[in-house]
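Colleague:
Residue numbers (UniProt numbering): 1 to 137.
(1) From 75, 80, 54, 93, pick the residue whose C-alpha is nearest to that of residue 112; which is it?
(2) Beta carbon of residue 20, beta carbon of residue 95: below 9 Å?
(3) Could you spell out the range, first to last residue, of the alpha helix (DSSP H) harbouring residue 99?
(4) Count the other CB atoms within 10 Å of the CB of residue 119; is the residue buried (16 or more) or exposed (fewer)?
(5) Does the beta-carbon of residue 193 have 16 or more other beta-carbons within 10 angstroms, so that it is buried, or is it exposed?
(6) Grouping DSSP H, G and I as helix and E and B as strand, with all else coil, what is residue 74?
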C-alpha cells in the first residue's frame, strides 16, 4: 500500500504536502497561527500505518484549505521574517497555487476507499460503511 504514494500521479503532491507540514511544525509561530485558524486542531492525522497517516494528512489539508491559504496571505505571515526567506516564499507559493490543491484533492479522492477499508480492518468502522465507500468509488 505504501507504494501508492510512490506513483508518479501522487508523489509530487505528497512531497509538497510533506515539505509544507514539516515547515509548519518546525516554526511555532506559524503553527500557533494555523491552529488558531483551525480551532486548535492539528494538521497531521495519525493513522494505523505510515500510508494511512500520509493520506489522512492530505484529507486534513483539503478540509482546511481556505484557512491555510488565508494564513499565508495574512498580516500574521507577512510580518514574520520567515516570510521573506527562500523557504518561506516557496512554501507560500505552494499553498497559494491551485495546482497544488487540485493534486492534493485528487490524491485524497483516489485513496479514500482504501482508507475506509483500513479503518474497517483495524476496527474503526463497520462493514456497512465499507460497502457504501466501495459503491461511491
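Where is the CB? At the ideal position from N, CA and C, for every residue including glycine. As the structure is a prediction and not an experimental result, all values here were calculated from the model.
Modeller: In this structure, then:
(1) If you compare the alpha carbons of 75, 80, 54, 93 with that of residue 112, the shortest gap goes to 54.
(2) For residue 20 and residue 95, yes; Cβs fall inside 9 Å.
(3) Annotation for residue 99: the continuous alpha helix (DSSP H) segment containing it runs 98-121.
(4) Residue 119 comes out buried.
(5) Nothing can be reported for residue 193, as the shown portion of the chain is limited to 1 through 137.
(6) DSSP, read as helix, strand or coil, puts residue 74 in coil.
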